[in-house]
Amino acid sequence: MSPRTNDSANLDLETREKPYLDSNELIINMGPQHPATHGVLRVILKLDGEKVLGTECVIGYLHRGVEKIAENRTYTMFNPYVDRMDYVAAVSNGLGYCEAVEKLMNVEAPARAKYIRVILTELNRIASHQLWLGTHALDIGAMTPLFYTFRDREEILKIFEKYCGARLTTHAFRIGGCQYETYAGFEKDVKNFLSFVAPKIDEYETLLTTNRIWLERTKNVGVISAADAIALGVTGPVLRASGVKWDLRKAQPYAAYSEFDFEIPIGTNGDTYDRYLVRMAEIRQSLRIIEQAVNGIPEGPIMAKVPKVIKPPVGEIYHSIEAPKGELGYFIVSDGSTQPYRLRVRPPSFVNLQALDVMVRGLLVADVVAVIGTLDIVLGEVDR
Amino acid sequence: MPNFVMSYLGSTVTPGEAGNQFWALIYVLIIFTGVSVAVIAMNWIERKALAHFQVRLGPMRVGPHGLLQPFADALKLMLKEDIIPAAADQFVFWVAPLIGLLAAFTVYTVIPFGPSQAVSDMNIGILFMLGVSSLGVLGIVVAGWASNSHYPLIGALRSSAQMVSYEVAMGLAVVSAVLMTSMNEKGTGTLSMIGIVQAQQQQGVWFIFKFFPLGFIAFVIFSIAMIAETNRAPFDMAEAESELTAGYHTEYSGLRWSLFMLAEYAAMIAVSSIAVTLWLGGWMRPFANLLHAPAWDFIFSLFPGLTFGSLAAIAFVGVTRMPAHSFFKIQRIGLAVFAALLGFIALLLLAIAIVGRSADASLAARFNEGIDYVYWFVLKVAVFMYLFIWYRATWPRYRFDQLMRIGWKVLLPISLGVLVVTAIVGVIVS
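Protein chains in written order, with my numbering: chain A, 470 to 853; chain B, 874 to 1303.
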């Protein structure tokens, strides 16, 4: 049992001058059972009326000890566990892990495997952003986009299901490449999806982008400056919306990303609306990448030569990729055995969540919900 | 039949005005039943329409196309455990939903479904209506306070602040419509709901088109304010699900919760009725003064029957499109019976329209007239109810401070301006 109670909440608040008419501050628990905290996040809010004076995030309700589990599993056995961290972008998690171990073992996946990885990862990025858009809009009160995005996300999940048999926790990749060759008609399915989803993105935008209420609810809400964002270690679309052109796909190209032509969309104000625009633009860029990848997919093997029993040499490695939510890094220490000595995950959601307090101070309760939504956290990844 | 029963049939005034308490009671019962049925129907329609906006099917399992879903829901809510939180103020917690319900239903005593189709014609009708319908917020505030919990409290405070900021603009918009009623030879206006519709009849124009665009602007202001008044999307921050879990009724469950829902829908119908009465000609059919030949009267009086006829036709098409599997046999039969019922009502209405087409004082003619009035009134209200659903499907929720800003800084000045300009134009014209 946590000894923390509402009254003992240690909120780091600036001392305020006592107002002429004294009023009691209200401390309320938002979550862990709350429709808008995206799972089991608990935010302790200190309110003056509706104004937020401070917040404290309480996490750990979904802690499963993924990093500790890694120490008791072989490298191959641990592979499916990473899917359970950010369960809406499982493919990205798998890519990061496989590439990290490959780097540690000094093997490289074949070109065809890299292309398959890029296609699936970018599809997953679209799926993740679609889910974000639906839930974010629902938090702000627009019910309908949720159903539109889920309808279209279904097409991506169908492709995953046909490729590897799973829809969400895909376990799509293996250390050294991919286990499965693409199924017959994979390229056609992906191309069909591209032409199917492009007008749907416009459809979401007609509901929201110029919607007056949407603009009022998101513009200048949850502003974070580029300096603050960098200081807090924020990555991904949240960082790019503040105007920092930082995308690991360009900065430290991995998989086959150096071979594709795409842009990094950035924002200017760092507010919720910019983050919305950045993510919408990212979906379009992902479509571009997928189109290039599926047209230029080379023939060849899909699996590099890796031993049956994976035993990386003694050493340590940090490898990070650009997951839909930001920089997803794996730090692996190998003692030369079949199991990692230590595995540490740098989850983007966990780090981005630290920006919540900076972003919501002085705003209203309704904005807390909007900001939690715009940070695009997944509690499975925050708590691991 | 006793004389006091017969005496009222064929009368052209409301039972309240005729002092006929027996018929007043009958009307009260009819309206109470009618509104309850309308709320149940609205529940189903909202779920279905919302589902179709959102590429879903909505309820499909309980009854054909989920037609029995509201009854299943009602049964479930009645059977649920009645929970009163330990920390709540028991009596106030108990009484809060009743206040809301009472306020929502009391309003219907003055709503004119026709020149004599109302319980009573109060000479301060519109004032009574605004006053009583604002009382509904008391139920919300009291519910939030009595729950003794944080989220309901915030929801209740939001609701009261919301009401204060919208009531003013709403009232001013209403006053500008009331001003228009005084555009006659005597220069005397009226606050009576029936009088307001009759004024539109005499002036030959619905007030929405009067002094265009003044009437229209007032109407739009009222339409916005009435959404805020009834706590519906996009102004539903009192029960904003994603922020306050369920707002003021977070601690409520079962039957008590359903009373809140009943009150909300009843209030929606009530405010829509005010809008229809004030700006859309109440019970008057479209083009009442352009196409006033008896032949047109007859054609328009066929509309109720035809409406039910087309609903029956849609239901029959639904029957033919049902899956042929034997699992669906009961559903097919159920939908066919429903369609037959609608068809029967359609035939009945058409028969009345044909028998009662002469404009004499016969009972059939009076009945025909009454049906027409109620039909056009309900149809206009139904348009508003559809809009309520449409808004909910389309828009995000306003933030609390933005809502206050719109109320005080946008709607209030505009409605005040409209009022002043209406007065000036009225003086110049007369």
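For glycine and all other residues, C-beta sits at the position ideal for the given N, C-alpha and C. This one's a predicted model, so the numbers in the text were calculated from it and none came from an experiment.
Using 8 Å for Cβ pairs, my map puts residue i next to residue j. What's the rounded Cβ distance?
i       : j       : result
I1069/B : T1054/B : 6 Å
L856/A  : L607/A  : Outside the modelled stretch of chain A, which goes from 470 to 853, sits residue 856/A, for which no answer is possible.
I759/A  : L663/A  : 6 Å
P734/A  : R709/A  : 7 Å
Which value, in whole angstroms, describes the spacing of the CA atoms of residue i and residue j?
i       : j       : result
A961/B  : L952/B  : 22 Å
N690/A  : S711/A  : As written in the sequence, residue 690/A is Val, which differs from the Asn given in the question. Each residue's alpha carbon lies about 13 Å from the other.
P1196/B : K921/B  : 19 Å
D481/A  : I846/A  : Residue confidence for D481/A is low, a pLDDT of 48 falling below 50, so the modelled location carries little weight and cannot support an answer.
F1171/B : R1230/B : 6 Å
L573/A  : T590/A  : 21 Å
S1146/B : A1016/B : 26 Å
Q1076/B : W1156/B : 15 Å
M928/B  : G998/B  : Note on identity: in this sequence residue 928/B is Val, with Met being the wrong assignment. The straight-line gap from Cα to Cα measures roughly 43 Å.
N593/A  : A750/A  : 15 Å
A1143/B : G565/A  : 59 Å
L948/B  : L1128/B : 9 Å
G1290/B : L1221/B : 49 Å
V1247/B : R1239/B : 12 Å
W715/A  : H605/A  : 23 Å
F1173/B : G1207/B : 32 Å
L1215/B : G1182/B : 7 Å
I1262/B : L923/B  : 7 Å
L848/A  : Q502/A  : 13 Å
With a 10 Å radius around its C-beta and 16 neighbouring C-beta atoms as the bar for buried, classify residue i as buried or exposed.
i       : result
F642/A  : buried
N661/A  : exposed
E954/B  : exposed
Q942/B  : buried
F1160/B : exposed
T484/A  : At T484/A the pLDDT is 49, less than 50, meaning the model places this residue with poor confidence; the figure from the coordinates comes in the next sentence. Classification of T484/A: exposed, given that the 10 Å Cβ count is below 16.
D517/A  : exposed
Y652/A  : exposed
P706/A  : buried
N893/B  : buried
G654/A  : exposed
V560/A  : buried
N799/A  : It should be pointed out that residue 799/A corresponds to Tyr in this sequence rather than to Asn. Buried.
P472/A  : Low per-residue confidence applies at P472/A: pLDDT is 41, beneath 50, and the placement is therefore not dependable enough to give any value.
G1004/B : exposed
Ordered along the chain, which non-local residues of its own chain (more than five positions away) have a Cβ less than 7 Å from that of residue i?
i       : result
E672/A  : Y617
G702/A  : V820
A1209/B : V1192
T887/B  : S989, A991, V992, S993, D994
T737/A  : G712, D743
L1175/B : L1223, A1226
T474/A  : Because T474/A carries a pLDDT of 44, less than 50, the predicted location of this residue cannot be relied on, and no value is offered for it.
Helix, strand or coil for residue i? Go by DSSP, reduced to three states.
i       : result
P1177/B : helix
K1059/B : coil
M1110/B : coil
F642/A  : strand
E751/A  : helix
K531/A  : The sequence shown places Leu at residue 531/A, not Lys. If DSSP states are grouped into helix, strand and coil, L531/A belongs with coil.
G798/A  : strand
K520/A  : strand
Y810/A  : strand
Y1271/B : coil
Y787/A  : strand
S1231/B : coil
I846/A  : coil
V840/A  : helix
N498/A  : strand
A1212/B : helix
Spatial neighbours of residue i within its chain, please: C-beta separation below 6 Å, excluding the five flanking residues on both sides.
i       : result
F629/A  : R636, T639
D658/A  : I628
P1107/B : W1268, R1270, Y1271
K669/A  : D621
K1253/B : V1149, L1153
S1049/B : A1091, V1291, L1292, T1295
I'd like the list of long-range same chain contacts for residue i, defined as Cβ closer than 8 Å, with 5 residues on each side in sequence excluded.
i      : result
A580/A : A725, P767, G769
V521/A : L514, K515, V829, R830, G831, L832, L833, V834, D836, V837
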